[in-house]
Amino acid sequence: MRRLLPLIVPLLGLPLLLAENPAISTPKSIVPNIQEVIFYTETKPIRVFVHINAKTGSLDKTFESKLKEFFKFLDRDGDGFLSPSEAEFVFSNTAIQSLISNGYAYASPNDPSRTFDKFDKNKDGKISLEEFIRYYEPSGQYLITSRNLNLGDAYAEEVTKEFFNRLNSKKDGRLSREELAVLPSWIPLMDRDEDDCLSVTEIIPDIFTRNLASKNEKSAFGAVRVHPVGEFSETAIENLMLRYDANRNLRLKPNEIAFDAETFKKLDKNGDGMLSMFELMEWRNLPPDLEIEMSLGANPRESSVRVLKRPDGRDYPLAKNVQILSTGNLLVKIGNQSIDFGYLFTPQPTISAPKVEDTNNLLSAFNKAANGRDFVVDKDLINPEYQHLRILFDMADRNGDNKVTREEIEALVKLFVSFKECPVQLAFNVDMPSIFRILDQNQDGRLSLRELRQAWKQLHPLEPSGEDYITSNISKPQAKIYLTRENDVVRFVNANPYQVSLAGSGQGPIWFQRLDRNADGDISLKEFPGSKAEFDRLDLDGDGLISLEEAETAEKRFRRK
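If you count by mature numbering (1 follows the signal peptide of the UniProt record, and there is no 0), then the sequence shown holds residues -19 to -1, 1 to 542, one letter each, in order.
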């Protein structure tokens, strides 16, 4: 016996002529594909526009493809339209949003927004695919969300203190060039796994077992804001003013906010040498400092990030500060601070995945109720434990034979689960990194010989005093922006910032990648299979390492012969 869900269908006006009806136009974009990232550095705010795509195409097309599958599922007679009876099982936007987030929803019979009229815009008594997709336009905004991870480096202060204790022979709280120069000598003393690199536990074996009083004493609260382009509110401008207004007079002078001279002059409409709140509001309408595109694939190798040009074909101001890391991340340097754009993925299990992923235990409930059969009927679902399956019975029973087969429930579950593939999230975090993490330029959780040799070069520009030494004040808020899926974000919350990665960069000639056995971005003499004389011919700067650049130079030379 069918339990009809009362989708409200107007009884009057169904035979209206189609020629008299307004045309239905599908919007160009129903997903806020361009997000604005604001990083409040210590001297000025930085704006980056991030274009977000999936590797399979735009999120609009991904969402539209899922809606087409849903429409096809509901269109039982396959005529390309939904009749009033077929439309009994359409979802409201609220239900679709639940499907996007949780992979489960049902058609509520009492939902006033789920009326036939709201779908059937041209009043021809049926719902076209175009009308169906147009109805779900409001749900597009839920496909891209942002989230502050609020993750501090619990070990940063302790790690930095340990470096100072071991290196600062003068015990004056300052590290000189000479004191930092001993870092490379740590490798033969501490490299327990003999990979010619040092992890944080090789340097400080008990670091993760120490009782740390505070997780993140040096807070960088509110230093990053993420929102769709065009949604930078007046309240956010007020917060910007308060962040940089050192003397609290609600005016910003050039020494308070380090805009370049051209930008400051453009904003300073009255030419008084100060920016008022009203003048500062115009800043949100100026072009961004950088524009990038991030494409999320099924894994890191299928994902990419690249810098975009300005509409006139020129580079954005920050393009010259961009560095592509060996991890594939895009690092933007702003003085002694940075924004790191990358991805988050949860490692997939190696065991075989089930044929169909379950959602809300629908398949489990079916298997239990079926009791060895390949179908269930109404009376099998009387018990309360089957309620979530019972309310979907008629929707799953596509051929209307008053029973749901295994094939039918699996088709419904597959449809539901597919919507969870649509949403992505820009997760962001700001923390104060330790000396170890500052030196770890390729962010693989290890310090290579080259990174240790370049310690002074990397650290000294960060010293705010500008003097010829290093203090612990070099640690400034650094931002990380991750494009990910929500489930991966949840699993990442407890991630260790010192996790070792041996993935390698994937850059350079194939022979270079194969010989770089420890994946540190260089080939050492120990890794090189030839003679020292052959090694020296490739090691152009004579530093005892064949770098990526030297390998590429050699490759060009080989190809010319």
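All residues carry an ideal CB built from backbone N, CA and C; glycine is no exception.
When you compare only the Cα positions, how much space is there between residue i and residue j?
i           : j    : result
I305        : A68  : 50 Å
D449        : H441 : 8 Å
G278        : K36  : 5 Å
A535        : D176 : 25 Å
S257        : T216 : 14 Å
F189        : Y136 : 8 Å
residue 585 : E243 : With the chain running from -19 to 542 in the structure shown, residue 585 is simply not present.
residue 623 : R541 : The shown model of the chain, from -19 to 542, leaves out residue 623, and the question about it has no answer.
S528        : G203 : 39 Å
K349        : A377 : 17 Å
K401        : F54  : 17 Å
R265        : T465 : 26 Å
R224        : K49  : 47 Å
I419        : E530 : 22 Å
N317        : A162 : 21 Å
How would you call residue i, buried or exposed, if buried means at least 16 neighbouring beta carbons within 10 angstroms?
i    : result
E45  : buried
L344 : buried
F144 : buried
F100 : buried
T43  : buried
A227 : exposed
Q78  : buried
R518 : exposed
L164 : buried
S457 : Looking at the sequence itself, residue 457 is Lys, so the reference to Ser does not match. Its Cβ being crowded by 16 or more others within 10 Å, K457 is buried.
G121 : buried
D249 : buried
P13  : buried
Helix, strand or coil: how does DSSP classify residue i here?
i    : result
Y21  : strand
P3   : No answer about P3 holds up, because its pLDDT of 41 lies below 50 and its placement is not dependable.
V398 : helix
R128 : strand
V313 : strand
Y463 : strand
Q422 : coil
I363 : coil
M413 : coil
N175 : Per the sequence shown, the amino acid found at residue 175 is Glu instead of Asn. DSSP places E175 in coil when its eight states are reduced to three.
V358 : coil
T141 : helix
P165 : helix
L299 : helix
S180 : strand
E389 : helix
M258 : helix
E448 : coil
S285 : strand
Nearest to residue i by CA position, among the options, is which residue?
i           : options                : result
V210        : E237, A137, S82, S127  : S127
G353        : R387, N454, D177       : R387
I27         : N34, I33, E17          : E17
Y479        : L393, L156, E183       : E183
G154        : T452, R173, D378, D503 : T452
T24         : E531, I238, R540       : I238
F113        : L63, S150, G121        : L63
K290        : A88, A300, C403        : A300
K384        : L362, N146, P414, F397 : L362
N280        : P269, K247, D56, G323  : G323
S415        : G487, P490, T141       : T141
A484        : G84, E272, R282, R224  : R282
R427        : E515, K49, L179        : L179
residue 562 : S429, P298, N131       : In the structure as shown, the chain starts at -19 and stops at 542, and residue 562 therefore has no counterpart that could be examined.
E159        : L464, L433, A351       : L433
Y85         : V12, N342, I504        : N342
I372        : N14, A350, Y87, F356   : Y87
L148        : S446, W437, S89        : W437
D293        : L132, I390, L311, P268 : P268
N220        : G489, F20, G511        : F20
E260        : I168, Q439, I218, F51  : I218
V29         : D501, G525, N302, E118 : N302
Fully enclosed by the region 209 to 253, which alpha helix (DSSP H) runs are 4 residues long or longer?
-> 215 to 225, 242 to 248
What are the uninterrupted segments assigned as alpha helix (DSSP H) that are 4 or more residues long and contained completely in the region 78 to 137, given in chain order?
-> 97 to 100, 110 to 116
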